[in-house]
Amino acid sequence: MVTTTYRVQGMTCGHCVKSVSDEVGALDGVDDVRVDLAAGEVAVTSSRPLDPAAVRAAVDEAGYELVDA
């Protein structure tokens with residue numbers, strides 16, 4: 013198992029959390045998604061490392077922006 017934390021910009025409410033969780037959670041290999049709304053962070057647990065471009069695309073699809081570290 014691999015857990016990676018991403019920073020996401022633009023989330024402000026529970027609907028935002030659900031949208032990001034649903035889109036990222038649909039990626040192949042993702043086992044769990046936990047969103048910390050106050051911190052603007054999304055912790056993703058997966059069976060293998062995820063393609064950063066796929067995570068970025070999922071966050072974009074949800075309507076938010078992945079912040080480069």
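Residue numbers (this note's numbering): 13 to 81.
Beta carbons: idealized from backbone N, C-alpha and C, even for Gly.
From a predicted model like this one, the values you see are computed outputs, not experimental measurements.
Residue of Asp43, Gly75, Leu49 minimising C-alpha distance to Thr15
Position 3 of the sequence shown, counting from 1, holds the residue named residue 15. Checked all of Asp43, Gly75, Leu49; the closest Cα to Thr15 is Asp43.
Once DSSP output is grouped into helix, strand and coil, what is the label at Ala55?
Counting from one through the sequence shown, the residue named residue 55 turns up at place 43. DSSP places Ala55 in strand when its eight states are reduced to three.
Give the DSSP bridge partners of Leu78, in chain order.
Position 66 of the sequence shown holds residue 78. Beta-bridge pairing links Leu78 to Val20.
Among Ser58, Pro64, Gly75, which residue has its Cα nearest to the Cα of Val32?
To locate residue 32, count along the sequence shown from 1; it is residue 20. Comparing Cα positions, the closest option is Gly75.
Using only the alpha-carbon positions, how far apart do Val67 and Ser59 sit?
For the purposes of this step, residue 67 is identified with residue 55 of the sequence shown, where counting begins at 1. For the purposes of this step, residue 59 is identified with residue 47 of the sequence shown, where counting begins at 1. Each residue's alpha carbon lies about 14 Å from the other.
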